[in-house]
Amino acid sequence: MKRFSLFLLVALLASCSDEKTTPSSKDYFTTWEHYLGDPERTHYSNLDQIDTANVGRLKLAWSYKSGGLQEGRTTQIQTSPLVIDGVLYGVNAAIELFAIDATSGKEIWKFKPVSKDESGLGMNRGLNYWKSKGDEPSRFFFTSGPRLFAIDIATGKPIPSFGNNGSIDLREGLGRDPEKQSVVSNTPGAIFENILIQGTRVGEGPGASPGHIRAYDVITGKIVWTFHTIPQPGEFGFDTWPTDAYKTVGGANSWPGMAMDLERGIVYIPTGSAAFDWYGGDREGANLFANSLLALNAKTGERIWHFQMVHHDIWDRDPPAPPNLLEIKRDGKIIPAVAQVTKSGHVFVFNRETGEPLFPVEEKAYPSSKLIGEKAYATQPLPLKPEPFARQILTENDLYAPNEKAFVDDLVKGNKSDDAPTVLEKFKSITSNGQFIPMDTTGVILFPGADGGAEWGGAAVDPRNGVMYVNGNEMAWIIKMKAVGGDNNTHMGQSLAQIHCARCHGGELEGLAGIPELQNVKLRLQPDSIKTIIQKGRGAMPGMPNLSEDEVDALAEFLTDREQAKDHRVEKIKIDVPYSVASFARFKDDRGYPVVKPPWGTLNAIDLNTGEYLWKIPLGHEKSLDDPNVPVSGLENYGGPVITKGGVLFIAATKDEKIRAFNMKTGQKMWEDQLPAGGYATPITYQVDGKQYIVISCGGGKMGTASGDEYRAYALE
Numbered sequence: 001m002k003r004f005s006l007f008l009l010v011a012l013l014a015s016c017s018d019e020k021t022t023p024s025s026k027d028y029f030t031t032w033e034h035y036l037g038d039p040e041r042t043h044y045s046n047l048d049q050i051d052t053a054n055v056g057r058l059k060l061a062w063s064y065k066s067g068g069l070q071e072g073r074t075t076q077i078q079t080s081p082l083v084i085d086g087v088l089y090g091v092n093a094a095i096e097l098f099a100i101d102a103t104s105g106k107e108i109w110k111f112k113p114v115s116k117d118e119s120g121l122g123m124n125r126g127l128n129y130w131k132s133k134g135d136e137p138s139r140f141f142f143t144s145g146p147r148l149f150a151i152d153i154a155t156g157k158p159i160p161s162f163g164n165n166g167s168i169d170l171r172e173g174l175g176r177d178p179e180k181q182s183v184v185s186n187t188p189g190a191i192f193e194n195i196l197i198q199g200t201r202v203g204e205g206p207g208a209s210p211g212h213i214r215a216y217d218v219i220t221g222k223i224v225w226t227f228h229t230i231p232q233p234g235e236f237g238f239d240t241w242p243t244d245a246y247k248t249v250g251g252a253n254s255w256p257g258m259a260m261d262l263e264r265g266i267v268y269i270p271t272g273s274a275a276f277d278w279y280g281g282d283r284e285g286a287n288l289f290a291n292s293l294l295a296l297n298a299k300t301g302e303r304i305w306h307f308q309m310v311h312h313d314i315w316d317r318d319p320p321a322p323p324n325l326l327e328i329k330r331d332g333k334i335i336p337a338v339a340q341v342t343k344s345g346h347v348f349v350f351n352r353e354t355g356e357p358l359f360p361v362e363e364k365a366y367p368s369s370k371l372i373g374e375k376a377y378a379t380q381p382l383p384l385k386p387e388p389f390a391r392q393i394l395t396e397n398d399l400y401a402p403n404e405k406a407f408v409d410d411l412v413k414g415n416k417s418d419d420a421p422t423v424l425e426k427f428k429s430i431t432s433n434g435q436f437i438p439m440d441t442t443g444v445i446l447f448p449g450a451d452g453g454a455e456w457g458g459a460a461v462d463p464r465n466g467v468m469y470v471n472g473n474e475m476a477w478i479i480k481m482k483a484v485g486g487d488n489n490t491h492m493g494q495s496l497a498q499i500h501c502a503r504c505h506g507g508e509l510e511g512l513a514g515i516p517e518l519q520n521v522k523l524r525l526q527p528d529s530i531k532t533i534i535q536k537g538r539g540a541m542p543g544m545p546n547l548s549e550d551e552v553d554a555l556a557e558f559l560t561d562r563e564q565a566k567d568h569r570v571e572k573i574k575i576d577v578p579y580s581v582a583s584f585a586r587f588k589d590d591r592g593y594p595v596v597k598p599p600w601g602t603l604n605a606i607d608l609n610t611g612e613y614l615w616k617i618p619l620g621h622e623k624s625l626d627d628p629n630v631p632v633s634g635l636e637n638y639g640g641p642v643i644t645k646g647g648v649l650f651i652a653a654t655k656d657e658k659i660r661a662f663n664m665k666t667g668q669k670m671w672e673d674q675l676p677a678g679g680y681a682t683p684i685t686y687q688v689d690g691k692q693y694i695v696i697s698c699g700g701g702k703m704g705t706a707s708g709d710e711y712r713a714y715a716l717e
């Protein structure tokens with residue numbers, strides 16, 4: 001699957017230096033001017049004022065109420081901010097950009113985009129910063145809805161010479177009608193010289209926009225190059241799709257971010273699943289370059305190498321985070337490497353220059369699909385090392401059982417529970433055979449679940465020794481498909497709701513943790529408001545401008561009055577997708593606990609030189625299980641770690657709304673603090689006027705926890 005340009009390969013090898021770059025020689029290891037710390041996305045800081053001896057003395061230094069909360073609506077702040085010349089730049093719950101003094105939290109300026117209630121508002125993970133070397137102002141690249149803004153770092157105002165008076169529309173340049181596209185960007189791309197390489201977030205259902213990767217001139221906003229992740233005629237990979245797929249299929253987008261090798265001029269880009277992400281009957285084949293790690297020439301967009309981690313994805317198993325660039329030791333040699341974590345709990349490690357796997361990868365055979373029209377790919381690649389950091393198959397022995405007194409009795413604090421047989425019966429009625437079992441209409445266990453394994457917080461790697469630190473989820477999800485169509489007994493709106501809404505709101509539209517139910521949406525919203533939200537999106541929900549007026553009317557009619565809606569649009573609306581999601585939810589018992597034995601979330605240290613684990617611990621603890629006889633439960637988590645020269649790892653991420661510090665060598669917890677809302681973001685660390693700070697955004701809003709708007713900074717007292 002890999003072909004190389006001889007010219008590019010020779011140029012790459014010629015650019016390699018025999019001298020190993022040390023962390024201390026890179027200025028950005030002591031600042032925080034890049035998303036996740038540096039272009040390599042290591043999450044590493046060379047600061048050591050806070051270390052294993054004094055981390056227990058951390059105290060709150062300042063807090064900043066960033067605003068943007070909206071009564072009656074769940075909001076989030078997933079932002080990992082930047083610090084430049086003593087000023088911290090972040091984003092609040094309403095996707096408003098702000099600048100504050102990094103030593104006091106005092107506000108300097110705030111930029112409020114004109115557009116409100118558009119698709120993509122509600123999520124922003126960070127910024128790109130371009131430092132000017134001439135007369136042009138230094139700038140941030142910041143997205144809100146479909147627009148990418150260039151913001152003057154000094155004034156907080158759009159730069160008029162960029163694009164259309166300071167911004168560009170990400171829906172343009174895709175080769176399809178911009179007004180029918182739903183395209184936003186929640187995660188920063190990468191900058192190389194005067195080029196911004198930008199990924200996008202698109203819909204995951206039928207009619208989704210394509211995921212072209214585009215590079216823009218940082219001064220003018222004009223497109224410099226485009227890489228088609230769904231190849232067009234004459235392009236490599238075109239034969240892995242149906243002939244006209246590039247005209248109709250969407251997805252294969254780069255939503256989780258990317259890593260940049262500045263010395264080699266290579267950008268490493270993970271790509272998402274093709275849409276529809278749970279049924280691929282209209283996209284037979286391997287579907288390059290979906291679910292891939294791409295190595296592209298940053299100047300030209302030319303492919304250097306690629307590796308596809310899931311062929312013809314029908315499990316939404318796209319890589320969830322930026323890759324990490326590092327160097328590892330093999331047989332006395334230093335090898336430039338790139339590591340990619342996955343939702344399934346695997347770590348793929350490649351030679352950064354050639355794309356060759358640095359641990360064996362096996363193409364394993366899997367069964368065919370039972371769904372009509374679906375042709376599941378016959379094999380899938382799995383790395384043989386490192387071992388997965390999340391369990392791979394849910395068995396009966398992994399469930400709670402009444403005779404497991406040490407855990408179950410304490411779980412309910414002495415109260416008897418009669419739901420274990422129900423859990424067991426449910427488990428026996430569905431398929432649980434591990435990874436890459438095709439979905440069916442009976443039900444399949446996805447374990448680890450749809451949110452990982454690893455998730456968008458990603459992993460940290462220590463550039464000094466090649467050790468990876470990654471937090472993982474150990475939640476089981478049940479995925480069930482159902483046939484849809486336009487018979488006289490089914491309202492078209494019901495079929496459309498199953499196709500377009502169940503993916504996020506649950507198979508019965510009952511709502512998932514942090515995502516509202518739609519069964520009673522008529523009590524909250526008027527029909528016209530429902531139509532507007534369907535078309536334009538709201539909060540974290542993407543819009544669906546590709547739906548026809550009749551489809552929007554039918555969908556709104558069904559959501560407004562599910563019981564009385566009459567099917568009078570059978571002839572006007574054509575249902576092209578034969579299956580939709582009927583069940584899409586975490587597998588929990590009647591008390592709301594995961595049915596899996598703990599830990600439900602972990603923190604892992606893996607030596608990527610050898611592929612061996614150094615330690616593994618539960619991350620977080622269920623508050624209701626605060627009993628010395630109950631083992632530490634670990635918790636589902638969102639947001640990644642930051643690691644330091646001082647030997648301390650900081651991470652929030654967990655449902656118990658705490659931030660913690662761990663010894664990087666041993667995994668021992670050394671400090672923790674209760675946050676005002678969940679810290680579902682990756683912390684940062686920086687130093688100003690001789691003092692080192694740790695900052696976390698406390699936006700909450702996930703897993704059913706309350707929303708918040710506070711940024712918190714910690715320092716030694």
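Counting along the sequence shown from 1, when you hit position 529 you're at 529 in the UniProt record's numbering, and nothing is skipped either side. Every residue, glycine too, gets a C-beta built ideally from N, C-alpha and C. Here the structure is a predicted model, which is why all the values come from computation and not from measurement.
Are residue i and residue j closer than 9 Å when you measure CB to CB?
| i | j | result |
| --- | --- | --- |
| T74 | G701 | yes |
| D316 | A450 | yes |
| L603 | L58 | no |
| N324 | T42 | yes |
| residue 805 | S344 | Absent from the structure is residue 805, since the part of the chain shown begins at 1 and ends at 717. |
| W130 | L196 | yes |
| I213 | Q198 | yes |
| G211 | I230 | yes |
| A459 | V347 | yes |
| I77 | D709 | yes |
| M670 | G56 | yes |
| Y44 | D607 | no |
| S273 | N546 | no |
Using only alpha-carbon positions, find the residue among the options that is nearest to residue i.
| i | options | result |
| --- | --- | --- |
| A677 | F359, A653 and W477 | A653 |
| V444 | K370, P381, E40 and L288 | K370 |
| E235 | R264, D318, G301 and D282 | G301 |
| Y366 | L399, F436, H312 and H311 | F436 |
| A93 | E107, R125 and K106 | R125 |
| D101 | A61, P641, F447 and A150 | A61 |
| K133 | T79, S167 and E193 | E193 |
| D244 | R283, G251 and G472 | R283 |
| S63 | D135, P594, L675 and G453 | L675 |
| D261 | W255, F98 and K299 | K299 |
| F227 | I304, L614 and A460 | I304 |
| S209 | I269, Y216 and W255 | W255 |
| G679 | Y711, F662 and K691 | Y711 |
| V87 | V632, L174 and G156 | G156 |
| E263 | E353, V249, S182 and E672 | E353 |
| V632 | P599, S624, V470 and K645 | P599 |
| I335 | K480, V349 and V341 | V349 |
Short of 7 Å in beta carbon distance, which residues of its chain neighbour residue i, apart from the five on each side in sequence? Order them along the chain.
| i | result |
| --- | --- |
| L509 | A497, C501, A502, E517, L518 and Q519 |
| I240 | Per the sequence presented here, residue 240 reads as Thr, with Ile not at that position. Excluding residues within five positions, the ones whose Cβ falls inside 7 Å are G285, A286, N287 and L288. |
| G205 | A275, F276, I499, H500 and R503 |
| A706 | A677 and G700 |
| Y377 | A286, H311 and H312 |
| N164 | none |
| residue 794 | Since the first residue shown for the chain is 1 and the last is 717, residue 794 is missing from the structure and cannot be characterised. |
| G414 | Any answer about G414 is weak, because its pLDDT of 37 lies below 50 and its placement is not dependable; what the coordinates show is given next. Cβ within range, chain order: n/a, list empty. |
| S583 | G443, I478, I479, K480 and G507 |
Report back the beta-carbon spacing between residue i and residue j to the nearest angstrom; my notes put them in contact at under 8 Å.
| i | j | result |
| --- | --- | --- |
| G506 | Y638 | No, G506 and Y638 are not in contact; Cβ-Cβ is about 19 Å, not under 8 Å. |
| S80 | A681 | 6 Å |
| residue 728 | G601 | The structure shown does not extend to residue 728, since the chain is modelled only from 1 to 717, so the question has no answer here. |
Going by beta carbon distance, what residues of the same chain come within less than 8 Å of residue i, once the five residues before and after it are set aside?
| i | result |
| --- | --- |
| residue 719 | No information on residue 719 is available, as it lies outside the stretch 1 to 717 that the chain covers here. |
In chain order, what residues of the same chain lie with their CB nearer than 6 Å to the CB of residue i, ignoring the 5 residues before and after it?
| i | result |
| --- | --- |
| G280 | H312 and I314 |
| G531 | The question names Gly, but residue 531 is Lys in the sequence shown. V552 and A556. |
| E172 | P178 |
| F142 | L97, L127, F149 and I151 |
Looking at C-beta atoms only, is the number of pairs between the region 537–545 and the region 585–595 that lie closer than 8 Å three or more? no
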